[in-house]
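Enquirer:
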Amino acid sequence: MLRLIPVLVLALGLSACANGQTDLKKPAEPIGDFKLGHAIVVAPNIVEGPVSRNATAEEWIASVDAALEERFRRQDGDKFYHLGVSVEGFVLAQPGIPLVFSPKSALIVRVTAWDDAAQKKLNDTPEEITVLESFSAETVVGSGVTQSREQQMRNLSANMALQIEKWMRRMQKNEGWFGGPDAGKRPSESASGPAEVAGSADSPQAPAAPGRGA
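Using mature numbering (1 follows the signal peptide of the UniProt record, and there is no 0), the letters of the sequence shown map in sequence onto residues -18 to -1, 1 to 196.
1) Is DSSP giving Leu90 helix, strand or coil here?
2) Can you tell me the Cα-Cα spacing of Ser130 and Lys7, whole angstroms?
3) Can you pull the DSSP bridge partners for Ile43?
4) Keeping to the same chain, check which residues put their C-beta closer than 8 Å to that of Ile13; ignore five residues upstream and five downstream.
5) Please state whether DSSP places Glu171 in a helix, a strand or coil.
6) From Thr38 to Val29, what distance separates their C-alpha atoms?
7) Please state the DSSP three-state secondary structure of Ala165.
8) Going by CA-CA distance only, name the one from Ala99, Val69, Gly71 and Ala75 that's closest to Lys17.
9) Can you check which of these residues, Ala21, Arg136, His64 and Glu41, is closest to Leu50 by C-alpha distance?
10) Beta-carbon within less than 7 Å of Ser45's beta-carbon, same chain only, minus the 5 sequence neighbours each way: which residues are those?
11) Any idea if Gln145 is buried or exposed, counting beta-carbon neighbours within 10 angstroms, 16 or more meaning buried?
12) Note down the Cα distance separating Lys102 from Thr94, rounded to an integer number of angstroms.
13) Once DSSP output is grouped into helix, strand and coil, what is the label at Asp97?
14) How many angstroms separate the CA atom of Ser68 from the CA atom of Gly19?
15) Compute the Euclidean distance between the alpha carbons of Glu52 and Ala75, then round it to the nearest angstrom.
16) Whole angstroms is fine: what's the gap from Glu40's alpha carbon to Pro108's?
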């Protein structure tokens, strides 16, 4: 676990992540046939990075679990899948010197997806995901200056859930997860357009009008 400390230090110099909380305002798009069964969050060997505010494993478990539930309970596919998330490391930025030293908050997790019906993992090797705080007017001078520890954790947890969703969508497209790329797609408007109106399932061809012979 000591190897995570250099990773956390490196993460502090990366660009900010997309805002997971803002993204939740958009309508949920299906992830194939995915429907969340259980989200299991653990933090057995969590590493606190350098120059970080303190947070317990229990606090991170609660924060990450809430973010997963909020994002993935919106999915109403036909099959149950489970997500296992291990919180590996974090940095919660402390107040720095605005515009000179503005430390960023970071979170590292490892994710495994399970197919409930098949009773097996979809990925044998957990996917490691690193997220940073979102860029905003509050974080431009460092979230340690403008946000409470709880706000930082919620921000990171929401961003983490969004990045997990993006990973899942890539795997759906590239590896055929969740029923493959075409699963869960809503019928296009053209499918219910004039072509369908001309007939019905019971009468594929409309009868000719009386008195109008060929």
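Think of the CB as a built atom: it goes at the ideal place given N, C-alpha and C, for glycine as much as any other residue.
Expert: So, from the listed chains and residues:
1) Within the sequence shown, numbered from 1, the residue matching residue 90 stands at position 108. One point to set straight first is that residue 90 is Ile, not Leu, in the sequence displayed. Three-state DSSP puts Ile90 in a strand.
2) Residue mapping note: residue 130 aligns to position 148 of the sequence shown, counting from 1. Residue mapping note: residue 7 aligns to position 25 of the sequence shown, counting from 1. Each residue's Cα considered, the two are about 23 Å apart.
3) As a first step, residue 43 must be located in the sequence shown, where it is residue number 61. Assignment of beta-bridge partners to Ile43 by DSSP yields no partner.
4) Residue 13 sits at position 31 when you count from the first residue of the sequence shown. Gln57, Gly59, Glu147, Met150, Arg151, Gln154, Phe160 and Gly166, listed in sequence order.
5) By one-based count along the sequence shown, residue 171 stands at place 189. Summary for Glu171: the model assigns pLDDT 35, below 50, so the residue's position carries little reliability, and this model does not support an answer.
6) Within the sequence shown, the letter at position 56 stands for residue 38. Within the sequence shown, the letter at position 47 stands for residue 29. Per the coordinates, the alpha-carbon of Thr38 lies some 10 Å from the alpha-carbon of Val29.
7) For the purposes of this step, residue 165 is taken as residue 183 along the sequence shown, with counting starting at 1. If DSSP states are grouped into helix, strand and coil, Ala165 belongs with coil.
8) As a working note, residue 17 is residue 35 in the sequence shown. Of Ala99, Val69, Gly71 and Ala75, the smallest CA-CA separation from Lys17 is found for Ala99.
9) The sequence position of residue 50 within the sequence shown is 68, counting from 1. The option with the nearest alpha carbon to Leu50 is Ala21.
10) For the purposes of this step, residue 45 is identified with residue 63 of the sequence shown, where counting begins at 1. Only residues of its own chain outside the window of five on either side were considered, and among them Met135, Arg136 and Ser139 have a CB closer than 7 Å to the CB of Ser45, listed in chain order.
11) For this step, residue 145 is matched to residue 163 along the sequence shown. Per the 10 Å Cβ criterion, buried.
12) If you number the sequence shown from 1, residue 102 lands on position 120. If you number the sequence shown from 1, residue 94 lands on position 112. Using only the alpha carbons, I get a separation of about 10 Å.
13) Translated into positions along the sequence shown, residue 97 becomes position 115. Assignment of Asp97 by DSSP, reduced to helix, strand and coil, places it in the strand class.
14) Walking along the sequence shown from the start, residue 68 turns up at place 86. Walking along the sequence shown from the start, residue 19 turns up at place 37. Cα-Cα distance, rounded: 17 Å.
15) As a position in the sequence shown, residue 52 is number 70, starting the count at 1. As a position in the sequence shown, residue 75 is number 93, starting the count at 1. Inter-residue distance for Glu52 and Ala75 is about 25 Å (C-alpha atoms, whole angstroms).
16) In the sequence shown, residue 40 corresponds to position 58, counting from 1. In the sequence shown, residue 108 corresponds to position 126, counting from 1. Rounded to the nearest whole angstrom, the C-alpha separation of Glu40 and Pro108 is 21 Å.
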